[in-house]
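Undergrad: Just dropping this structure here.
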Amino acid sequence: QKEVEQDPGPLSVPEGAIVSLNCTYSNSAFQYFMWYRQYSRKGPELLMYTYSSGNKEDGRFTAQVDKSSKYISLFIRDSQPSDSATYLCASKGAYNQGGKLIFGQGTELSVKP
Amino acid sequence: DAGVTQSPTHLIKTRGQQVTLRCSPKSGHDTVSWYQQALGQGPQFIFQYYEEEERQRGNFPDRFSGHQFPNYSSELNVNALLLGDSALYLCASSFISPSLNTEAFFGQGTRLTVV
């Protein structure tokens, strides 16, 4: 079993739709959770960075972490064609466990005009 | 403020050859991590360098080695290249502090093709 599981998609939605992207993880030691956006042939770009459980909002993006169910979500409101990319969730443990990020496979999102 | 920069952007090598990839971290960052991303997969952690030492290593063979310089820049070396080493190699930088656990920022990557 992979430590972080993510549905690879692809996911196709119309412009303006609310997008829900999800990951599950298995390692209870994970405390930090991230979402990266990766355009084709580019490096990952950090979107959201959260610690422990709860919600974090930044513009059209909301990240949710539920540690009780080991579930990570990213919501995109009013999706735009420019949001078309691969979205990667990642997790890591506490500081004293090192900085190694464990990534999911990535979900490919396409937002159609 | 320059972000994480990697060179070269693309590289084609022959099986059995050796390759060196380079990374300059984001200004103010002192830690560099390397990842391998195969097509259609998430990045896989290779190793992390801090204070010029390898601090953590993923499940990669000894053919993969690295170095960090006093200016925090880093190199990734891969010996005896295999076709399966073809991938996007990503460098990520961050700042290690006893009281902080900072985000990692990625460079644009080096796309290595082994033929």
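So the sequences go chain by chain: A and B. Under the numbering used here, the first residue of the first sequence carries the number 363, and numbering increases by one thereafter. Under the numbering used here, the first residue of the second sequence carries the number 19, and numbering increases by one thereafter. The beta carbon of each residue, even a glycine, is placed where N, CA and C say it ideally should be. Bear in mind that the values here come from a model prediction, so they are computed numbers and not experimental data.
Please go through the same chain and pick out, in chain order, the residues whose beta-carbon is closer than 8 Å to the beta-carbon of G416/A, but skip the five residues on each side of it.
TA: Cβ within range, chain order: Q426 and V427.
Undergrad: Closer than 8 Å, Cβ to any Cβ of chain A: which residues of the segment 75-87 of chain B, in chain order?
TA: Residues passing the 8 Å Cβ filter: G76.
Undergrad: Cα separation between S51/B and Y107/B?
TA: In a straight line, the C-alpha of S51/B is about 11 Å away from that of Y107/B.
Undergrad: Identify the contact partners of P372/A in chain B, using a Cβ-Cβ distance below 7 Å as the criterion.
TA: Those within 7 Å of P372/A in chain B number zero; the least Cβ separation is about 11 Å.
Undergrad: Assuming F124/B and G405/A make a contact with CB atoms under 8 Å, what is their CB distance in whole Å?
TA: Indeed they touch by this definition, with Cβ atoms about 4 Å apart.
Undergrad: For Q363/A, return the contacting residues in chain B, with the cut-off set at a CB-CB distance below 8 Å.
TA: Within 8 Å Cβ-Cβ: nothing; Q363/A doesn't reach chain B, min ~15 Å.
Undergrad: Pick from Q66/B, Q35/B and V96/B: whose alpha carbon is nearest that of V133/B?
TA: Nearest of Q66/B, Q35/B and V96/B to V133/B, Cα basis: Q35/B.
Undergrad: Look at the Cβ atom of V366/A, then the Cβ atom of L471/A, and state whether they are nearer than 8 Å.
TA: No; because the gap between Cβ atoms is not below 8 Å, this pair is not in contact.
Undergrad: Alpha carbon to alpha carbon, how far is Q400/A from Q126/B?
TA: Between Q400/A and Q126/B, the C-alpha separation is close to 10 Å.
Undergrad: Any residues in the segment 404-423 of chain A with a beta carbon nearer than 7 Å to a beta carbon of chain B? Which ones, in chain order?
TA: Under the 7 Å Cβ criterion, the segment 404-423 of chain A contributes K404, G405, P406, L408 and Y411.
Undergrad: Please name the residue, chosen from Q363/A, L373/A, Q368/A and D369/A, that lies closest to A447/A on a Cα-to-Cα basis.
TA: Looking at the Cα atoms, L373/A is the closest of the given residues.
Undergrad: Based on the DSSP secondary-structure assignment, which residues constitute the bridge partners of E470/A?
TA: DSSP, once it has assigned bridges, lists T448/A as partnering E470/A.
Undergrad: Under the three-state reduction of DSSP, which class applies to D420/A: helix, strand or coil?
TA: Three-state result, D420/A: strand.
Undergrad: Check distances from the C-beta atoms of the segment 440-473 of chain A to those of chain B and list, in chain order, the residues that come in under 7 Å.
TA: Of all residues in the segment 440-473 of chain A, L450, Y457, G460, G461, K462, L463, F465, G466, Q467 and G468 have a Cβ within less than 7 Å of some Cβ in chain B.
Undergrad: Examine chain A for any beta-carbon lying closer than 8 Å to the beta-carbon of P26/B, and answer yes or no.
TA: Not closer than 8 Å to any Cβ of chain A, the Cβ of P26/B fails to qualify, so no.
Undergrad: Using beta carbons (cut-off 8 Å, strictly below), is G102/B in contact with chain D?
TA: Here chain D cannot be found, since the structure's protein chains are A and B.
Undergrad: Please classify H28/B: is it buried, with 16 or more other beta-carbons within 10 angstroms of its beta-carbon, or exposed?
TA: Its Cβ having fewer than 16 others within 10 Å, H28/B is exposed.
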